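Visitor:
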Amino acid sequence: MSTSLPRNLWRIARPATKTAGCLRRATMTAGFSTSSSRKIMETTGFTENQLTVREAVSQICAEFPNTYWQEHDQNEQDPKEFHAALAKDGWLGIALPESLSGSGLGISEATIMMQTITESGAGMAGAQSIHANVYATQPLAKFGSQEQLESTIPKIISGEWRTCFGVTEPNSGLDTLRLATTAKKQTDGSYVVTGQKIWITCAQVASKMILLARTKAYEDCKKPSEGLSLFCIDIDKSQPSLDMRKIKKMGGRAVDANEVFFDNYHIPASSLIGQEGQGFKIILHGMNAERCLLAGEALGLGYAALAKASEYARDRVVFKRPIGQNQAIAHPLADAYMKLEAAKLATYHAAKLYDASKEDSSIRQDQVGVAANSAKYVAAEAAFTACERAVLTHGGMGYAAEYDVERYLREIFVPRIAPVSREMILSYLTVLAAACQVPVPIMPTEGLKKPRAKHACRECNSRRIRCNVTERHPCSNCETAQATCEVIPSRRGRQKQTEEAASATPKPAAPAASSALTADVAATLASMSTVSPSHGLGGSSGVSQTPFHAETPASCHSSSGTTGGSRFFGESNFITLVPGAPGPGNEAATRDGVLKGRLTFPVPQTPQSHDLATSPASVSITMSSATERYLRDEGALTFPDMQSCLPALHAYFAWFHPCFPILDRTDIARRLVTMDISPLLLQAMLFIGSTYCDEATILGMGFKDRSEAKILTYSRARVLFHANWEKDEFTLIQSLFLCSFWRGGPTDWRDVRYWLGAVLTLAQTHGLHRSTRFITKDPHFARMRKRVWWSIYVRERQAAVSLGLPCRIRDEDCDIEPLTAADLEDDADEQQATGFGAPKSEHIHYAIKMIDIARLLGRIMDTHFAPGRGPPAPTEVRELKQQLEHWKQHLPDEMRRGPDDGQSSVLTCLIHLAYNHLRILVHRNGWLRNRDQEDKSAALAAACRISRIAEDMLAQKTLRYGQMHLLTSLFAAFCIHAIDIKSADGISRRLAEHRAQMCLLGLKEIQKYWRINNNVLDLFLQYLDESIAKRLNGDSTEPAPTNPLPSSITGLGPFNNPETSPPVTLLHDALQQARPEAMEDQYFSLMRTNWEGEDALEDLGLFLDPQLYANGPMQVEGLNFLQRCL
């Protein structure tokens, strides 16, 4: 940017500046303003440019005295003479480049110009007459076409055209993304605008409007920020399709504010600014500038009011002395002055940061946003204090128009309300600054060496400019230029290791692209095409699988790189007393965004750890060649053909991911494309995806059936874990969480609790249970941490309750922020090759509500089923019931209504299954122990509701897509119906039989997709009263209840089909020894309680076979299990 003083400013520059010959942006001065009317504000620290602008604009404003503004305010007359005077000397183009006839200065100079205008007595009316011409032209100058720049900008600068900004609408207010004004594209490329705008300043006198309108329906947009387009349109008042209505207002009456109505208003295609659909991103380039200008305008008005108050306090004599000598008058004015001075520093810091961000890509726009919004807030509040106290200092005369302070007070509400309210700024800063996610940078001192970036995207690398892709993706430069941000891996320190590792480790053959792949998929997944048959399938299928192009663990690219560099310590550890200031050797952790607070500390870099991480020998230290051969022999690095894998991954993201959003769709898609995905994570994802995909996908991946697919993918993931393959611990947490859905045989101790214990240990080691402000400054990583932790929380709580074991997560130990919709909304994959989809509103509601119900589940278990605890107090039970109903009432409307019509979604059904299961838990003891009829009715109603939902899901064939907690609900409902069969009669008994059979049908259907425990169900059926068993089997004849149950009970309910039922002796064998093919699912043992004394015998006596019960409970093998059921 040229530093020469613009030609049209030489005439009004100060004599000292004329001798300087140029404007130096960074030059500082210690002098004060030479204008006697401006002495109230301290100008130390302002640049020579700013002081020049201040003095020159003051000379113009001096030609328009207070009486001019009083008259125009009272008559509501536009100050066109003032606008013309500023335009004559080129001030309207102060922040525009010289190539467009502008002055080439920055927002810092524009801010002090606006402050000088309001401070002169012109107030907000004078500032608003040119306000939009300064900031609204910023997006146009940056994104406008050459034709727009040449035809529009010069005329705005010269004053021939005036412009206004058309964004705000009456129904959307500050929710800009919900704008309803539409611009429909016509066949000839033009647009037809329909809608309404409000509070459009200077629309009556403007020739141009910068208009934001919707060109694509909100519902059709993948992201909320899309679908809006920006236009520079002509304001043709002669057109009947355009109507304007002035708004009567409190202050700033000299400039008009309007409602603008468009009714099929035609605008040409050439009026579009930038790309269609990117209007919201474009206007953001003017938003922070506008905040700075408003802050400057507020400051000027505050200083003007304070000057009036000080003058009046000196001149007004009461009780024989000036009133300013009274502290009651002087101290409030002094306080207002200090507030203005503090706000001044914040304002010009924000303006300076905005200008610097254009040249320094390390300054992010969100950082500028924090500074600009903060400046606007504090300046408006400080100015309001000054104006109010100016009126009060004048006393009764402050109410008179001739003293101007009443006008100032009326006008100061503008920067307090517009363009964004105080409350919105506070909410914005609460999310960003208060959560320590967006640090506001301190302007670097000249001469200090900037830290070198560890990575750069391809675009920034080619342009040799600083890139912040390690902090955000896309980087700021690519986002501004609308360019593709492609990350290139750093080669620092890797060349030697790669060469030596290559010589020591044999490389697999380079995979060739399969002709069967589509063009899109082949372009992205060609590196994983079929090359050889899998050794891990054992010849069970003729479809080949692909060995992963695997590097050694030390050379694998980390998927996040954010968990391994630090360790979390709780407050009880004495290391938390150590200050968290950066020390030698910690620079890497700082650059990676790790917040070294009081609870998180970087891992010390010792020579040993450095050698392990970087030396070629680390490969042999961390994994021997024998171990690597073992992994390959076991098929751990073998995957099905990726074209056949994609449907399984789609099933994962369609059915499992909405319930447990532990992965980032975009990140997974990118890693699949670049083949940078963790083998452990991919095997775990295929393990889950094999549950939900169809049979054709199972066969297409080379497995003979679903069971083999799940066993092999799980086994491969388990082998990789025990070989310590995965080095990135956040990826390891995600992978182990997926492994926790494995259900092995009775002798397999690596069950749900084993994997959940491993993942919980890692998660708590890295502080996932604590507030993200202790851990990271990266907003995206903070969102991922919350998503992973709350998924672990829900899963662990469900598993602990189902097993009747202690919950390993205590709510009082966790202060992590609740999961919000904002944490889930940006999780979208838009790549055509992968197409993993985007979250729906139902997905977001489900994930959040299941966290709430998991919390409530823990309270229920603590109240009703804690070991050694007596019966809960009635108030505790009543509170639990109220909390449960309160939770249901706050469900979204589409979920709260429930699956009544048989067409509800799977997630809605799952939500209501979980809700009714908790109802059973809450009311069960009141019925079985206290024989309370109200509790009995509630428990039976909940069980009936579960049966009905299961029936609907069976009819829709959607039971297979449910989560594992539906097993607990079905089994609980089945047990309640079994008890009801014993106590009911007539039609009630027949209904209970039907509902119990429906639960059994549901459990049988689930067995096709989930490995569940037949032993538990068989054991329960064997100890049923014979009469109940007969009825479930469809036999209405009731034998004597004292007869033992025959072994033919295995044909009960859904198992009466001889083709699918187990052998007759299977149930008896199950009591003697574990079946090798048995599937262990501890969810069936959900209803564990504190059976004590005679209560256990009384409750079990309702449904146990009387003969077995008569022989004593200890004579029945496996009765200890039944004591945990129901």
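The sequence shown maps to residues -12 to 1113 in my numbering.
Ideal Cβ positions, reconstructed from N, Cα and C, are used throughout, including at glycine.
Just so it is clear, the structure is predicted and the values come from calculations on it, not from any experiment.
List the whole-angstrom C-beta distance separating Val864 from Tyr948, where the pair is believed to meet the contact cut-off of C-beta under 8 Å.
Guide: On the sequence shown, residue 864 is found 877 positions in, with the first residue counted as 1. On the sequence shown, residue 948 is found 961 positions in, with the first residue counted as 1. Wrong, their Cβ atoms sit about 35 Å apart, outside the cutoff.
Visitor: Take Tyr364 and list the residues in its own chain whose beta-carbon comes closer than 7 Å to its own, dropping the five residues that flank it on each side.
Guide: Counting from 1 along the sequence shown, the entry for residue 364 is found at position 377. For Tyr364, where only same-chain residues beyond five positions count, the Cβ hits under 7 Å are Arg409, Ile412.
Visitor: To the nearest angstrom, how far is the alpha carbon of Val401 from that of Met111?
Guide: Stepping through the sequence shown from its first residue, residue 401 is reached at position 414. Stepping through the sequence shown from its first residue, residue 111 is reached at position 124. Computed Cα separation, rounded: 8 Å.
Visitor: What residues in its chain sit with their C-beta under 8 Å from that of Ala710, if we drop five residues either side in the sequence?
Guide: For the purposes of this step, residue 710 is identified with residue 723 of the sequence shown, where counting begins at 1. Excluding sequence neighbours, Ala710 sits near Met610, Thr614, Tyr617, Leu618, Ala623.
Visitor: Is the separation between the beta-carbon of Val775 and that of Ile685 shorter than 7 Å?
Guide: Stepping through the sequence shown from its first residue, residue 775 is reached at position 788. Stepping through the sequence shown from its first residue, residue 685 is reached at position 698. Not in contact: Val775 and Ile685 (Cβ atoms no closer than 7 Å).
Visitor: Arg782 lies in the beta strand (DSSP E); which residues open and close that run?
Guide: Sequence index remark: in the sequence shown, residue 782 carries index 795 (1-based). No beta strand (DSSP E) contains Arg782, which is instead part of the alpha helix (DSSP H) from 766 to 790.
Visitor: The alpha helix (DSSP H) that contains Asn661, what's its start and end?
Guide: Walking along the sequence shown from the start, residue 661 turns up at place 674. Contrary to the premise, residue 661 reads as Thr rather than Asn in this sequence. Looking at the DSSP string, the run of the alpha helix (DSSP H) that includes Thr661 is 652 to 661.
Visitor: Would you check if the distance between the CB atom of Ser758 and the CB atom of Asp802 is smaller than 7 Å?
Guide: Counted from its first residue, the sequence shown places residue 758 at position 771. Counted from its first residue, the sequence shown places residue 802 at position 815. Their beta carbons are under 7 Å apart, which means Ser758 touches Asp802 by this criterion.
Visitor: Can you list, in chain order, the residues of its chain with a C-beta nearer than 6 Å to that of Leu164? Leave out the 5 residues immediately preceding and following it.
Guide: Numbered from 1 along the sequence shown, position 177 holds the residue referred to as residue 164. Result list for Leu164: Pro211, in chain order.
Visitor: With a Cβ-Cβ cutoff of 7 Å, do Glu284 and Ala114 count as a contact?
Guide: On the sequence shown, residue 284 is found 297 positions in, with the first residue counted as 1. On the sequence shown, residue 114 is found 127 positions in, with the first residue counted as 1. Yes, these two residues count as a Cβ contact at 7 Å.
Visitor: What would DSSP say about Gly32, mapped onto helix, strand or coil?
Guide: Translated into positions along the sequence shown, residue 32 becomes position 45. Gly32: coil per DSSP, three-state reduction.
Visitor: Could you tell me the alpha carbon to alpha carbon distance between Leu900 and Ser956, rounded to whole angstroms?
Guide: The residue given as residue 900 occupies position 913 in the sequence shown. The residue given as residue 956 occupies position 969 in the sequence shown. Rounded to whole angstroms, Leu900 to Ser956 spans 6 Å at the Cα level.
Visitor: At which residue ranges does the segment 160 to 194 contain complete alpha helix (DSSP H) runs of 4 or more residues, listed in the order of the chain?
Guide: With a minimum length of 4 residues, no continuous alpha helix (DSSP H) run stays inside the segment 160 to 194.
Visitor: For Gly1118, does the three-state DSSP call read helix, strand or coil?
Guide: There is no way to answer for residue 1118, as the model of the chain reaches only from -12 to 1113.
Visitor: Going by DSSP in three states, Val44 sits in which element: helix, strand or coil?
Guide: As a first step, residue 44 must be located in the sequence shown, where it is residue number 57. Correct three-state label for Val44: helix.
Visitor: When the Cβ atoms of the segment 219 to 227 are set against those of the segment 189 to 206, are three or more pairs found closer than 8 Å?
Guide: The segment 219 to 227 is in contact with the segment 189 to 206.
Visitor: DSSP on Ser612, reduced to helix/strand/coil?
Guide: Position 625 of the sequence shown, counted from the start, is the residue given in the question as residue 612. Looking at Ser612 - three-state DSSP - the assignment turns out to be helix.
Visitor: What are the start and end residues of each continuous alpha helix (DSSP H) run of 4 or more residues lying completely inside the segment 186 to 271, in chain order?
Guide: With a minimum length of 4 residues, no continuous alpha helix (DSSP H) run stays inside the segment 186 to 271.
Visitor: Apply the 10 Å Cβ neighbour rule to Ile974 and answer buried if 16 or more other Cβ atoms are within range, or exposed otherwise.
Guide: Locating residue 974 in the sequence shown gives position 987, counting from the first residue. With fewer than 16 other Cβ atoms within 10 Å, it is exposed.
Visitor: Whose C-beta lies closer than 7 Å to the C-beta of Phe961 among residues of the same chain, with five residues either side of it excluded?
Guide: Here residue 961 is taken as the residue at index 974 of the sequence shown, counted from 1. The residues are Ala983, Cys986, Leu987.
Visitor: Could you name the residues that DSSP lists as bridge partners for Val305?
Guide: Along the sequence shown, read from residue 1 onward, the residue named residue 305 stands at position 318. DSSP lists Arg308 as partners of Val305.
Visitor: Grouping DSSP H, G and I as helix and E and B as strand, with all else coil, what is Asp816?
Guide: What you label residue 816 is simply residue 829 of the sequence shown in a count that begins at 1. Strand, per DSSP.
Visitor: Along the chain, where does the alpha helix (DSSP H) containing Phe690 start, and where does it finish?
Guide: As a first step, residue 690 must be located in the sequence shown, where it is residue number 703. From DSSP, Phe690 is part of no alpha helix (DSSP H); its letter is neither H nor E.
Visitor: On a Cα-Cα basis, can you pick out the residue from Phe218, Ile269, Ala200, Val180 that is closest to Gln226?
Guide: If you number the sequence shown from 1, residue 226 lands on position 239. Taking only the C-alpha atoms, the option nearest Gln226 is Val180.
Visitor: Three-state secondary structure (DSSP) at Pro157?
Guide: Numbered from 1 along the sequence shown, position 170 holds the residue referred to as residue 157. In this structure, Pro157 counts as coil in the three-state DSSP scheme.
Visitor: Are the CB atoms of Tyr299 and His381 within a distance shorter than 7 Å?
Guide: Position 394 of the sequence shown, counted from the start, is the residue given in the question as residue 381. Position 312 of the sequence shown, counted from the start, is the residue given in the question as residue 299. For His381 and Tyr299, yes; Cβs fall inside 7 Å.
Visitor: Give me the residue from Gln920, Ile94, Ala635, Ala315 with the minimum Cα distance to Asp967.
Guide: Against the sequence shown, residue 967 aligns to sequence position 980. Ranking Gln920, Ile94, Ala635, Ala315 by Cα distance to Asp967 puts Gln920 first.
Visitor: Considering only the alpha carbon of each residue, which of Leu271, Ala241, Asp810, Trp186 lies closest to Tyr341?
Guide: Reading the sequence shown from its first residue, position 354 is the one you call residue 341. Considering only alpha carbons, the answer is Leu271.
Visitor: Thinking Leu288 and Thr105 are a contact (beta carbons under 8 Å), I'd like their distance in whole angstroms, please.
Guide: Locating residue 288 in the sequence shown gives position 301, counting from the first residue. Locating residue 105 in the sequence shown gives position 118, counting from the first residue. Contact holds; Cβ gap of about 5 Å.
Visitor: Name the DSSP bridge partner or partners of Val474?
Guide: If you number the sequence shown from 1, residue 474 lands on position 487. For Val474, which the question treats as bridged, DSSP gives the partners Cys444.
Visitor: Considering Cα atoms alone, identify which of Lys184, Cys465, Ala167 is closest to Thr202.
Guide: The residue you call residue 202 lines up with position 215 of the sequence shown. Per the Cα distances, Ala167.
Visitor: Express the C-alpha separation of Lys827 and Leu941 in angstroms, rounding to a whole number.
Guide: Here residue 941 corresponds to residue number 954 of the sequence shown, with the count starting at 1. Here residue 827 corresponds to residue number 840 of the sequence shown, with the count starting at 1. Cα to Cα, Leu941 sits roughly 24 Å from Lys827.
Visitor: Out of Tyr741, Val781, Ile720, which one is the CA nearest neighbour of His753?
Guide: Here residue 753 is taken as the residue at index 766 of the sequence shown, counted from 1. Per the Cα distances, Ile720.
Visitor: Tell me whether Pro645 is buried or exposed, calling it buried when 16 or more other Cβ atoms sit within 10 Å of its Cβ.
Guide: Numbered from 1 along the sequence shown, position 658 holds the residue referred to as residue 645. Classification for Pro645: buried.
Visitor: Between Val508 and Ala820, what straight-line distance do the alpha-carbon atoms span, to the nearest angstrom?
Guide: Start at 1 with the first residue of the sequence shown, and residue 508 comes out as number 521. Start at 1 with the first residue of the sequence shown, and residue 820 comes out as number 833. With a pLDDT of only 39 at Val508, under the threshold of 50, the placement of this residue in the model should not be trusted, and no figure is reported.
Visitor: Give me the Cα-Cα distance between Leu844 and Lys969, rounded to the nearest whole angstrom.
Guide: Here residue 844 refers to the residue found at position 857 when the sequence shown is read from its first residue. Here residue 969 refers to the residue found at position 982 when the sequence shown is read from its first residue. Going by the C-alpha atoms only, they are around 29 Å apart.
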